[in-house]
Every structure is written in structure tokens, then in C-alpha cells.
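Below: one structure, written as C-alpha cells.
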Amino acid sequence: MSSFDSDDFTTPNSRYYDQLRAEKRVAVRQEILKKELAAMPGASDIRRFGSMIHNYAMLWGPEQQEVVTYHDFLKVKEATTGLMKTWCTAELFSFDKSISDSICDVGTLLQVMDSRITMTKYFLLMSQFDYNCDGMLEPYEFYEFYAKHIVALEPRLTEIKRKLEEEESKVMKTIVITKMNLFLDQARTGKYAIKDILASGVVQELDCLCNGSSRYDFTNWFCAENIEYILEEYNALAARSMDGLIRKENFVEFQPKVKNRIFLRRIYDYLSSAEANYAGIMDITLFCRFLLIMRTKSHPVCLRTIFYALDADDDGLISFSDLRLHFDELCELSRDRDPDATVPEASNFEPWANEIFDMVFADAKKGVIDLETWLRGPYVHFAALKLINSITFSDHETIEDRNLLITMDYDLEVLAVEDDEFETAPQSLSL
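Numbering (full-length UniProt numbering), first residue to last: 1 to 431.
If you want it as C-alpha cells, here you go:
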């Protein structure tokens, strides 16, 4: 048989031609996406449209709300030229029905248009890295998008990436991918749906870095300041270990506003036993997961992990006895914080526990909170803060403490604790 008869090279159904067709399909798709991106309105087009809308706006109602009539909206549409014209639709005007069918709030109109343009732009950008053309991004594809369209626009991120690449380190990629895996790949499929990325808060964080509005906002997971902070804290904690991993005895030094040591021990055990090949260690990925859980207490994934850590007897329920354990721990820590202050007495436990039940809309008469009730509780993130933070004792809290609680405990600080406090650690959570 000659080489021309080989299935690998000449047969129409061969893998060789399948690969060629796939590459051609991707190339054609890339060209289409680039043309669509080129046809997107720019920032100057959006500002010009907004200026024209404001010129036709008028004050309406007792609150002097800035509105525009549909007749004037059509005038603006007629005067609009170029790429913005196709976005000036009747459907866009009718998005806000709160006033009247013929009147639209200017702020709402511009916000909806800006949001749609932003989402469309990021959909097209991410789709360029969807090499399988299935509407999903694998972790390395998302990181390619992040490196090309986010990092390249921010000098500090570019410098961090260059230094890590010189050290042959993949830490930056790990930090970025950890958040995506935790929030957008709960089923652990190894992919993120682009539509889910757009519906999450990830796009807002990325866009803020591009337009400079929160380039140095510490709460933005993808910003340079946050990545540097994670690297510094992890390296400081892992420095004591020869293998570069964090162990419980040095992890105790890092407590981002977590004053409840019982909770910290259990969440460490849960993360290290559930995620690591063997219990008792924490690598950079688990450290990032811990930070995300502690910063994002209103997210279902984080709330589920917090529930398991608060369930002291591992029976799938948070009972009064579990709450009592944490209450006593917080009282002890309050004494350590200010020995001269009046520490809540045992009689204060019942109203404190009832408040926890009220926050998650659970029946205190039953005496237990199950996982479903916990996750559905309207104020469960405040309940989580109350259970793991000593600042919720009103006799001790300062104005700064209250502001910290209201802002969802985003800022981090280190509270030093002695190493021997972990000698009586409870058993790891059962999985």
C-alpha cells in the first residue's frame, strides 16, 4: 500500500483532515469575532451619546428626576452616527417601566446601555479563547484572556507577571484560577461557561482594572495589590517549612479578622483534608481558597464551608450546643482583648443565640439550623460574622469595629496567637 492510501493522510475522514478543518473553523471564527469587536462602540462614542441624551433631558416629578421623552430619544438616535446608532433601540428605551411608557430615566438608560456594551465586548473577547467553540473556557484559556487583555493594560500586573515568569513560578495563574474554580466550577468540570462568567462579578472586577476605577482596590481579587499581598503572606507563613507548604502550627499566625480560634482550626482541617492529598498542609491554592471564603461570606460556596466549620459535632446541624461552644470562645477572646472590660455573662447566651436564629429565619424552638436553612437565610453573612468574630460583643466594639462589620469584614489584619493554642485542636471534619 502506498503512502497516498494511508488513512492518516488522504482519507477524508482521517484525523489529519479533521484537524485541518478544526483549525480552519477556529481561524474563521477568530476573524468574525475580531470584526465584531471592531464594530463595537468605543468610550468616546458612549460619552458622546451620553452628552446628547443629557442635552435633551428634563427634570420630572417632585424628586426632580432627570428623564428623557421617547420623542427626544428618537432625535438623539437620528443625530447619532457611526457604531452607536445600532444600539439606540426602542427596546433599550422601554427597559425602565417605573415612570411611564413615554418617559425614561436618563441614569437607567445610560447604565443599561453601558452594561450591554461592556458585556458584549467581554463576551467577544473571551470567545476568542474558546478554542473548542463550545461556549466554555478551560482554566488555561481564561488565564490567556486575563494575561492578554487585563495584565497587558496594567503596568504593575505586567511587572509581577514578568518577575514570576523569570522565577518559573505559576503562582499568578494559580491565584487567578482559584477564584474561577471556587465560584464558577462547583461541579469541577474543568471549564467555565462564558455566560456564567458574564453573570458573575468577575467581569466587573476585570473591567474596573481596565478603566482604572479600582486598579488599586484591595478587594479586587485580580488587581496587583491583592496578588502581591497573597504572595507576601503565603511566603511568610510557608518560610518555616522546608517544603514551602503551610502547616497548622504556622498558619495560626494568620487570622484575617477571625477571632474565633475553634472556627479557624476546623476550617483549616476541613480545607486541608478535603483538598490536599493528605491532611494537615495548605499550599498556595488552599490558601487562596481560605482567603476567598473569608472575604466573600455571602457567597453560597463560602457559606457552605463556614457551616461545616461551625458544626462542631459534625452532625449536619448547628445546634445550641455548637453555638455555646463558639459563644464561650468569643467570651474568652474578649477577655484577652480587654481584661478590664465587662465580659458577657452566661445569661447573655440565650438572646445572643436567638439573634443567630433570627438572622437565618430559623425556628429557635427546634434548636437546630440545617444547611438548607442556613444557605437561604437572608442575613446569614451577618450571622457568620457574629459567630467567628469577637467584635460583635457590643460592650467591647468600637466605632471602627462596627464599621468593619457593616463593610462585610473585607479588610485583613493579623492577630498573633500562641502556637500551643492548637494543641487541643478538634478532629478533622468528616467528609
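Virtual Cβ for every residue (Gly too), placed ideally from N, Cα, C. The structure presented is a predicted model; accordingly, all values stated were derived computationally and were not measured.
Under the three-state reduction of DSSP output, T296 falls in the coil class, being neither helix nor strand.
If you check the CB distance, I194 and M136 come in under 8 Å. When DSSP states are grouped into helix, strand and coil, D283 belongs to the coil group. Within the same chain, F129 come within 7 Å of E144 by CB-CB distance, once the 5 residues on both sides are set aside. By the neighbour-count definition (other C-beta atoms within 10 Å, threshold 16), E167 is an exposed residue. Boundaries of the beta strand (DSSP E) around I318: 317-319. L371 and L310 have their alpha carbons spaced roughly 11 Å apart. A distance below 8 Å separates the beta carbons of Y56 and K75. DSSP, reduced to helix, strand and coil, places I150 outside both helices and strands of the structure shown, so it counts as coil. When rounded, the separation of the alpha-carbon atoms in R266 and R116 is 43 Å.
Burial check for L303: the Cβ neighbour count within 10 Å reaches 16 or more, so the residue is buried. Note on E78: under 16 other CB atoms within 10 angstroms of its CB, so exposed under the neighbour-count rule. Within the model, the alpha-carbon separation for P41 versus L198 is close to 19 Å. Within the same chain, and ignoring the five residues on either side of E138 in sequence, the residues whose Cβ sits closer than 7 Å to its Cβ are G190, K191. In terms of Cβ geometry, M126 and W87 do not form a close pair [threshold 8 Å]. Per DSSP, V360 is not a residue of any alpha helix (DSSP H), being assigned neither H nor E. A353 counts as buried, since at least 16 other C-beta atoms from the protein chains shown sit within 10 angstroms of its C-beta. Spatial neighbours of L83 in its own chain (CB-CB distance under 8 Å, excluding positions within 5 residues in sequence) are listed in chain order as A39, M40, P41, G42, D45.
DSSP places T69 within a strand segment (E or B) once states are collapsed to three.
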